[in-house]
Amino acid sequence: MIKLRWLAPLFSRRYLLILLIFVGVIFLIHLFFLSPPSDFQNGLAVTVSEGSSIVEIATLLADKHLIRSPFVLEYLIRFARLAGLSSNKTGVAVAGDYVFPRPENVVIIARRLARGQYGIAPIKLTIPEGANSYDIAASLAQLIPTFDATAFIAAAQPREGYLFPNTYYFQSTWLPERMIGAMEKEFRASTKSLAPLIANSGRTLEQIVIMASLLEREAHTTEARQMIAGILWQRLDAGMPLQVDATFAYISDKNTFELSLKDLATSSPYNTYRYRGLPIGSIANPGLDALTAALTPIKSDYWFYLSDQSGNLHYAVDFEEHKLNKARYLP
């Protein structure tokens, strides 16, 4: 027993040495692999693109001096997937723009990437049915002080009609193309159910979207839109001018009751009084109801319609009756 007492200090010193070595290893791992680099760039924003691999993401962050070792980040993200901590089912980091206002160790960065914690609050944008690219740009400019409305309109106008009305959450650092892409993606997803109707309509998708944009701005109920769709498709097929007043709101921001003879003679491809056929493009971004109405028109004997100042619609079978409706219901 006496000999064992003499051995006790030896064992204590050995355990102490092992503990010190263990602590030293942990410290070195943290220092050289886990801790943020000494030249960590505070406030840096990094974009993780959709479809990027874990290796590409880790290399990008290492090149930006946000992490010391890309290998450690790779394995931490993979571990997050295995542990069920990732918001991305593929196990890859969630795409988006990440902001790093202060130095963070690689464990925290891996967790943020796996969960899509961008470091900045997303911008909530609600696009109502019938809004056009100018309306959307104005809303974004109010939400994001640095937003380039001119660049957005230039990119969005060719896609007018396909910027689907919905509520979106954007990062303030997103470029217009990325925002527009999200709206177009929502259009494709939301209109899948209409595929059979589109295929059987005898019309192109572009024609349907343009017609729906007119209906969106001309009427507010499903039945009224279907009635107007029946009239406008009928006029279109007969080679008659559509004479839709709502297009002038897109041309000159004037409503029906502000139009003059000079306005009706405007040389614009959106002027359906001067030019036959559908306008050159959509005048708004229609919702599902207007798109469905364009595909399910109500056939009737009517060839004309007008809206009074209360928004009530009045139909006519010929121009003489239409003139009477004008005299009765318009100022």
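For the sequence shown, our numbering gives the first residue as 1199, with consecutive numbering after it.
We treat Cβ as the ideally placed atom computed from N, Cα and C, and that holds for glycine.
The structure presented is a predicted model; accordingly, all values stated were derived computationally and were not measured.
Following the continuous beta strand (DSSP E) through residue 1238, name the residue where it begins and the one where it ends.
-> Numbered from 1 along the sequence shown, position 40 holds the residue referred to as residue 1238. Residue 1238 -> no beta strand (DSSP E), and no H or E assigned at all.
Reducing DSSP to helix, strand and coil, say where residue 1295 ends up.
-> Sequence index remark: in the sequence shown, residue 1295 carries index 97 (1-based). Residue 1295 falls in the strand class under three-state DSSP.
Sub-8 Å separation of residue 1481 and residue 1330 beta-carbons = By 1-based counting over the sequence shown, the position of residue 1481 is 283. By 1-based counting over the sequence shown, the position of residue 1330 is 132. Yes, these two residues count as a Cβ contact at 8 Å.
What three-state label does DSSP hand residue 1352 in the structure shown?
-> Position 154 of the sequence shown, counting from 1, holds the residue named residue 1352. Residue state, collapsed to three classes: helix.
Output the residue ranges of the alpha helix (DSSP H) runs that lie fully inside the segment 1366-1390 and measure 4 residues or longer, sorted by chain position.
-> 1374-1388
If you drop the 5 nearest sequence neighbours on each side, which residues of the same chain put their C-beta closer than 8 Å to that of residue 1257?
-> The sequence position of residue 1257 within the sequence shown is 59, counting from 1. Cβ neighbours of residue 1257 beyond the five flanking positions: 1268.
Strand pairing of residue 1265, partner residues [DSSP] = In the sequence shown, the residue the question calls residue 1265 occupies position 67. Looking at the DSSP assignment, residue 1265 forms no beta bridge with any residue, so it has no partner.
Where residue 1406 falls, given that 16 or more other Cβ within 10 Å makes a residue buried = The residue labelled residue 1406 in the question sits at position 208 within the sequence shown. Looking at its Cβ environment, which holds 16 or more other Cβ atoms inside 10 Å, residue 1406 is buried.
What does a CB cutoff of less than 7 Å around residue 1375 pick up in its chain, not counting 5 residues either side in sequence?
-> Against the sequence shown, residue 1375 aligns to sequence position 177. Closer than 7 Å at Cβ, skipping near neighbours: 1353.
Just the C-alpha distance for residue 1149 and residue 1487, rounded to the nearest angstrom, thanks.
-> Residue coverage of the chain in this structure runs from 1199 to 1529, which leaves residue 1149 outside it and unanswerable.
Pick from 1392, 1272, 1363 and 1395 that is closest to residue 1255, judged by C-alpha positions | In the sequence shown, counting from the first residue as 1, residue 1255 sits at position 57. Here the closest residue by C-alpha is 1272.
Taking the alpha carbon of residue 1327 as the point to measure from, which residue in 1412, 1355 and 1312 has its own alpha carbon closest?
-> In the sequence shown, residue 1327 corresponds to position 129, counting from 1. Comparing Cα positions, the closest option is 1412.
Determine which residues share a DSSP beta bridge with residue 1245 and list them.
-> Numbered from 1 along the sequence shown, position 47 holds the residue referred to as residue 1245. In the DSSP output, where bridge partners are listed per residue, residue 1245 has 1295.
Rounded to a whole number of angstroms, what is the C-alpha to C-alpha distance between residue 1499 and residue 1378?
-> Here the question's residue 1499 lines up with position 301 in the sequence shown. Here the question's residue 1378 lines up with position 180 in the sequence shown. Those two C-alpha atoms are separated by around 40 Å.
Tell me where the alpha helix (DSSP H) around residue 1321 begins and ends.
-> In the sequence shown, the residue the question calls residue 1321 occupies position 123. Not the alpha helix (DSSP H): residue 1321 falls in the beta strand (DSSP E), residues 1321-1324.
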